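In what follows, a single structure is set out as structure tokens and then discussed.
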Amino acid sequence: MLVDNLGNSSQLVIGGLGVVIHELGHAIFAYLFGHKVTHVQLLNLNYRQSGALGSVDHRWNDRNVYQMLGNFFIGLAPYYMCSLVLYLLQKYLLKAQFSITSLTQSLSINNNISISMIFDSVLDNLKSSFANASWEMMILYVVLTIMIASTGYDLSRNDFMTVNKGILPWIVVLIILGSILYVINVRTPIINGSIYFVAFSILFMIHAILSIILAMIVIKILGVFNFI
Numbered sequence: 000m001l002v003d004n005l006g007n008s009s010q011l012v013i014g015g016l017g018v019v020i021h022e023l024g025h026a027i028f029a030y031l032f033g034h035k036v037t038h039v040q041l042l043n044l045n046y047r048q049s050g051a052l053g054s055v056d057h058r059w060n061d062r063n064v065y066q067m068l069g070n071f072f073i074g075l076a077p078y079y080m081c082s083l084v085l086y087l088l089q090k091y092l093l094k095a096q097f098s099i100t101s102l103t104q105s106l107s108i109n110n111n112i113s114i115s116m117i118f119d120s121v122l123d124n125l126k127s128s129f130a131n132a133s134w135e136m137m138i139l140y141v142v143l144t145i146m147i148a149s150t151g152y153d154l155s156r157n158d159f160m161t162v163n164k165g166i167l168p169w170i171v172v173l174i175i176l177g178s179i180l181y182v183i184n185v186r187t188p189i190i191n192g193s194i195y196f197v198a199f200s201i202l203f204m205i206h207a208i209l210s211i212i213l214a215m216i217v218i219k220i221l222g223v224f225n226f227i
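At the far end of the sequence shown sits residue 227, using numbering that gives the first Met the number 0, and the numbering has no gaps.
Below, the structure written as structure tokens:
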């Protein structure tokens, strides 16, 4: 997206912040799941030689279930990390007040979730984000969003391969854990935690899509006018 419209240098000038957050997400989640992180390069200024804007190398024990489960989230870490950073920017730059009450209610076991409910929750949060912010802070937020979304959400082939390594372990663990909780009738805390996790994941996903679309539009416009 950046290279096609603005040239090679734009990957660092515009997308550098997104790359740093992307790789930082991999590193943090790798540490959280007990992986041995052997190398971290948040931003490679000489990326033309290696072909990689950044990298995180890590190792794990194939016999350690917790570390195997971590692969799923380590691969998807940039998605969560970028969305978290954007929400923090909304909170502290725009003084936004977030609410996911309606979404968590619709995700409860007694209700059916609808697409309109999801978008209503996202739109309500976006409206609250810009309601009390100054023009200066809004412009700064939009600029930072474009810089982050232009590269931060871009998952590589290796990222998806890492995700795949954690899918089967998660399926097995969830089946076993679900069966145990069902037998001993201790389901409420797990269900409530799952509801909030899914709610935030959905909000993050839609927020990511909107941010990427915004970045694509602005970058395309800049490319047309040869801004860089």
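By construction, the Cβ of each residue, glycine as well, lies at the ideal position given by its N, Cα and C atoms.
All values derive from a computational prediction rather than experimental measurement.
Select from the options the residue whose C-alpha is nearest the C-alpha of residue i.
i: Glu22; options: Lys94, Leu52, Leu31 and Lys219; result: Leu52
i: Phe199; options: Met215, Ser178, Tyr86 and Gly50; result: Tyr86
i: Phe71; options: Gly14, His25 and Phe224; result: His25
i: Lys126; options: Phe196, Gly33, Ile20 and Lys94; result: Lys94
i: Val64; options: Phe196, Ser210, Val171 and Ile216; result: Val171
i: Ile73; options: Gln10, Gly33 and Tyr46; result: Gly33
i: Tyr152; options: Leu75, Val141 and Asn60; result: Leu75
i: Ile288; options: Val223, Leu122 and Gln10; result: For residue 288 there is no data in the structure shown, the boundaries of the chain being 0 and 227.
i: Arg47; options: Ile208, Gln10, Ser82 and Ser178; result: Gln10
i: Gly15; options: Tyr30, Phe28 and Gln40; result: Gln40
i: Leu92; options: Gly50, Glu135 and Arg58; result: Glu135
i: Ile27; options: Gly69, Gly177 and Leu173; result: Gly69
i: Ile218; options: Ile166, Gly177 and Val141; result: Val141
i: Leu154; options: Ile220, Tyr78, Ile216 and Asn7; result: Tyr78
i: Gln89; options: Ile216, Phe203 and Phe224; result: Phe203
Assuming residue i is part of the alpha helix (DSSP H), what are its boundary residues?
i: His25; result: Gly15 to Leu31
i: Thr161; result: Arg156 to Ile183
i: Lys90; result: Val64 to Leu92
i: Trp44; result: In the sequence as displayed, the identity of residue 44 is Leu instead of Trp. Counting along the chain, Leu44 falls outside any alpha helix (DSSP H), and DSSP gives it neither H nor E.
i: Ser133; result: No alpha helix (DSSP H) holds Ser133; DSSP gives it neither H nor E.
i: Ser9; result: Ser9 to Val12
Where does residue i land, buried or exposed, given buried means 16+ other C-beta within 10 angstroms?
i: Gln66; result: buried
i: Ser149; result: buried
i: Met232; result: Because the chain in this structure spans residues 0 to 227, residue 232 falls outside the shown range and cannot be described.
i: Val84; result: buried
i: Ser128; result: buried
i: Tyr181; result: exposed
i: Phe196; result: exposed
i: Phe210; result: Reading the sequence as shown, one finds Ser at residue 210 and not Phe. It is buried - the Cβ of Ser210 has at least 16 other Cβ atoms within 10 Å.
i: Ile212; result: exposed
i: Ala29; result: buried
i: Val13; result: According to the sequence displayed, residue 13 carries Ile and not Val. Result: buried.
Following the continuous beta strand (DSSP E) through residue i, name the residue where it begins and the one where it ends.
i: Ser149; result: No beta strand (DSSP E) holds Ser149; DSSP gives it neither H nor E.
i: Ser54; result: Ser54 to Arg58
i: His38; result: Lys35 to Gln40
Please go through the same chain and pick out, in chain order, the residues whose beta-carbon is closer than 6 Å to the beta-carbon of residue i, but skip the five residues on each side of it.
i: Asp56; result: Thr37 and His38
i: Asp158; result: Gly74
i: Cys81; result: Ile20, Ile147, Gly151 and Tyr152
i: Ala214; result: Ile145, Ala148 and Ser149
i: Ile220; result: none
i: Lys164; result: Asn70
Excluding sequence positions up to five away, which residues of its chain have a Cβ less than 8 Å from the Cβ of residue i?
i: Asp61; result: Met67
i: Leu42; result: Leu11, Gly15, Val18, Val19, Glu22, Leu52 and Gly53
i: Met137; result: Leu93 and Phe129
Looking only at its chain, what residues have a beta carbon closer than 7 Å to the beta carbon of residue i, apart from the 5 residues adjacent to it on each side?
i: Ile208; result: none
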